Amino acid sequence: MLNPSASAVPPLGRNTWMGWATVLWLSLVCSLALFGGLFTLAPVDKTEALQIGIAETMLRLQEWVVPQWNGHLYADKPPLPYWLAMVVWQWFGLTPELARLPAAICATLGVAVIAWLLQRVARRELPAREAWLRAALAGTLLALSPGWIVFAHSAVHDIYLSVAITLALAGYAIGFCMPESPFRPRRWAAWIGFWCGVGFLSKGLLGIGLPLLIIGADCCLRGETRRVILRPLPLLQMGTAMLVVISPWLAGLIAGRRWDYLQGFIGFSNLQRATQAVDGHHQHPLFYLPVLLALLWRGGRCCCPRCSSSGSGAGPGGRLQAWIDCSSWRQCGCCSGLCCSARSPPNWPGTCCPSCRPPYC
Numbered sequence: 102m103l104n105p106s107a108s109a110v111p112p113l114g115r116n117t118w119m120g121w122a123t124v125l126w127l128s129l130v131c132s133l134a135l136f137g138g139l140f141t142l143a144p145v146d147k148t149e150a151l152q153i154g155i156a157e158t159m160l161r162l163q164e165w166v167v168p169q170w171n172g173h174l175y176a177d178k179p180p181l182p183y184w185l186a187m188v189v190w191q192w193f194g195l196t197p198e199l200a201r202l203p204a205a206i207c208a209t210l211g212v213a214v215i216a217w218l219l220q221r222v223a224r225r226e227l228p229a230r231e232a233w234l235r236a237a238l239a240g241t242l243l244a245l246s247p248g249w250i251v252f253a254h255s256a257v258h259d260i261y262l263s264v265a266i267t268l269a270l271a272g273y274a275i276g277f278c279m280p281e282s283p284f285r286p287r288r289w290a291a292w293i294g295f296w297c298g299v300g301f302l303s304k305g306l307l308g309i310g311l312p313l314l315i316i317g318a319d320c321c322l323r324g325e326t327r328r329v330i331l332r333p334l335p336l337l338q339m340g341t342a343m344l345v346v347i348s349p350w351l352a353g354l355i356a357g358r359r360w361d362y363l364q365g366f367i368g369f370s371n372l373q374r375a376t377q378a379v380d381g382h383h384q385h386p387l388f389y390l391p392v393l394l395a396l397l398w399r400g401g402r403c404c405c406p407r408c409s410s411s412g413s414g415a416g417p418g419g420r421l422q423a424w425i426d427c428s429s430w431r432q433c434g435c436c437s438g439l440c441c442s443a444r445s446p447p448n449w450p451g452t453c454c455p456s457c458r459p460p461y462c
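Heads up, the sequence shown is in my numbering, so the first residue is 102 and it goes up one at a time.
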C-alpha cells in the first residue's frame, strides 16, 4: 500500500489557500453532480420504490427495529437507510424524493474522504500545490463517476456500504500504514470497527467481511502492520466498537423475539447472496475479476506518487504521464460500469441514467 520509507510530511505553509480552493472546487462539483436533479425524478425503478415504501411503512407504524412492507417482514436489507429516510421525513415532511437526500450527503462524504486521504499520501513526496491538485483530481473523478452519480440519486443501500468501507480502510491506511503517524492501535482499531458496524447496518455482513478481508490481505504482505494490529488489545477495541454500533439493533430484535427476521436476514440476505447468484444475475462469481485486477493495477500507479513516477520519470513529463494514467484508469472504470449495466437486468438503476444507458436500451 503506502511506502514506509517516505520522508516526513512537509509543512503546508503558504499553500493553505490551495486547500481552501480544493474544498470550494469539490463542493461545486458535488453540488452539481450529486445534488443536481435530486428531487426532480420519481423513483427510477422498482428497487428504489420498494426501499422508499419500506421506510414510509416504518415511519407510519413507528417501527424502528424490523423493516416491514405491505404487512410483511422485509428481511432482505438492514435498516440504516430506512432510519435516515425516516429522520429526514420527520424534519422536512413525508415527500418520497427526500429519501435520496441522505444518499447524496453520504456520497459527498465519500468524495471528501478520498480527496483528503490522497492529499495526505501525496504530500509526503510532492510539493503541497501538486498534492492538493491530485486530491482535487481524485475527488472530481469520483464525484463524476456514473455509478457514484446514480447511487447518490437513488434511495438504496449501496452508497452507504461503499462509504462505510471507504472510511474503515482510510482509518487503516492512516493509522497503520503511514510512517509519519505513530501506531495508535486503540484509536484506529476502534475507528475500523465502528465503520465496519455502520457497513453491517447498511448492507449486512458484507460491510464487515469486505474491509476485514482487505485488511487481512494487506497484513499478510506487511509484517510490521501485522505485528501491531493482530494483537489482543487492538482486536478487542475493534470488536467492541463494532458491537457498540450493531448491538442496539440486534438487542431490539432479540428482545422482540423476531427470530423470523433474523433467520431471513442472515440466511437469505447474507449467506445465500454470498454463495450463489440471485436476482437474475447468472454470470460466474469470477466474471468481474479481470476488471477488478485491471483497475487495481492502474489505480496503484496513479495514487502512489513514487510508483507513478518510477516508470516515467520524476520531472514534468513523468507527472503529466501520471495524470494521463489516472484519467485512463478512471475511463476504464467508467467503461466497466457501462458494461456492468449492460449485463444487468433492464430494471437496474444505471439504465435509467442517460449517461449509463446502453445503446440498445
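Using N, Cα and C, we set each Cβ at its ideal position, and we do this for glycine too. Please read all numbers here as calculations on a predicted model, not as lab measurements.
For the alpha helix (DSSP H) that residue i lies in, which residues bound it at each end?
i: Y183; result: L181 to F193
i: D361; result: W360 to G365
i: T341; result: P333 to A356
i: T153; result: Note that residue 153 is Ile in the sequence shown here, rather than Thr. Here the alpha helix (DSSP H) through I153 covers K147 to L162.
i: I260; result: D259 to Y273
i: F252; result: P247 to A253
i: E325; result: G324 to I330
Classify residue i: buried if its beta carbon has 16 or more other beta carbons within 10 angstroms, exposed otherwise.
i: E325; result: exposed
i: P168; result: buried
i: I355; result: exposed
i: G298; result: buried
i: G272; result: buried
i: S348; result: exposed
i: L125; result: exposed
i: A265; result: buried
i: Q338; result: buried
i: H173; result: exposed
i: S132; result: exposed
i: W292; result: buried
i: G194; result: exposed
i: L345; result: In the sequence under discussion, the amino acid at residue 345 is Val, which differs from the Leu named in the question. Exposed, by the Cβ-count rule.
i: G300; result: buried
i: T267; result: buried
i: G137; result: exposed
i: P333; result: exposed
DSSP three-state call for residue i: helix, strand or coil?
i: Q169; result: strand
i: A109; result: Any reading at A109 is ruled out, since the residue's pLDDT is 47, under 50, leaving its predicted position unreliable.
i: L307; result: helix
i: L210; result: helix
i: L135; result: coil
i: L227; result: coil
i: L174; result: strand
i: T117; result: helix
i: L199; result: helix
i: A256; result: coil
i: T141; result: coil
i: A423; result: With a pLDDT of only 46 at A423, under 50, the local geometry of the prediction cannot be trusted, and the value read off the model is given with reservation. A423: helix per DSSP, three-state reduction.
To the nearest whole angstrom, what separates the beta carbons of residue i and residue j, a pair I think is in contact under 8 Å?
i: R92; j: G305; result: Given that the chain is displayed from residue 102 to residue 462, the structure contains no residue 92 and the question cannot be resolved.
i: A122; j: A244; result: About 16 Å separates the two Cβ atoms, so there is no contact after all.
i: A253; j: A205; result: 5 Å
i: L127; j: G240; result: 5 Å
i: L219; j: R235; result: 6 Å
i: G353; j: V166; result: 4 Å
i: A208; j: I260; result: 5 Å
Are any of the Cβ atoms in chain C nearer than 8 Å to that of residue i?
i: P182; result: Although the question refers to chain C, the structure presented lacks it and comprises just one protein chain.
Could you say if the segment 143-159 and the segment 194-208 meet the contact criterion of at least three C-beta pairs nearer than 8 Å?
yes
Using 8 Å as the Cβ pair cut-off and three pairs as the minimum, do the segment 149-166 and the segment 221-232 touch?
In short, these stretches do not touch, since the Cβ pair count stays below three.
Does the segment 189-196 touch the segment 311-323, meaning 3 or more C-beta pairs lie closer than 8 Å?
no
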